[in-house]
């Protein structure tokens, strides 16, 4: 199980995962729509259907909106990547937990156990635990 599995899980199974991707797609569609409007309006300007001032005003506003939309897209993509990176780190930690735990000193072992468990004790050299 790797990065691809986490991405699929995030997109298909996690609450909000599909909504997150849908938001990115919606923002991209709006960005594209504004670009198409600017292009169409430029043709109208060349054909003298609209004036230069009109074109400059609306093209400027729509380009600003495109910049805002791109920032939103970037923010969503960064959040999604962060989620995946954290998932990979947790998965790697889980896969290596026993080996890592055995290599730690008593103080680090206690710290890790306090983080993961709400109530534990040592019995016959083994940890008896109640998970949080």
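Numbering (the numbering used here), first residue to last: 5 to 136.
The beta-carbon is built from N, C-alpha and C at its ideal position, and this holds for glycine as well.
This structure is a prediction, so every number in the text was calculated from the model and none was measured.
Buried or exposed for residue i, please, with buried defined as at least 16 other CB atoms from any protein chain shown within 10 angstroms of its CB.
i: residue 51; result: exposed
i: residue 31; result: buried
Give me the residue from the options with the minimum Cα distance to residue i.
i: residue 35; options: 44, 46, 69; result: 69
i: residue 121; options: 133, 89, 127; result: 133
i: residue 65; options: 80, 45, 125, 106; result: 45
i: residue 41; options: 55, 88, 59; result: 59
i: residue 43; options: 29, 62, 57; result: 62
i: residue 67; options: 126, 53, 39, 91; result: 39
Would the beta-carbon of residue i fall within 8 Å of that of residue j?
i: residue 95; j: residue 105; result: no
So, does the segment 67-82 touch the segment 23-39, judging by three or more C-beta pairs under 8 Å? Cβ pair count under 8 Å is three or more, so yes.
* At a cut of 8 Å, does the segment 79-92 reach the segment 21-32 through at least three beta carbon pairs? -> yes
Quiz item: In the segment 34-110, which residue ranges form an unbroken alpha helix (DSSP H) of at least 4 residues, counting only runs that do not cross its ends?
Solution: 56-107
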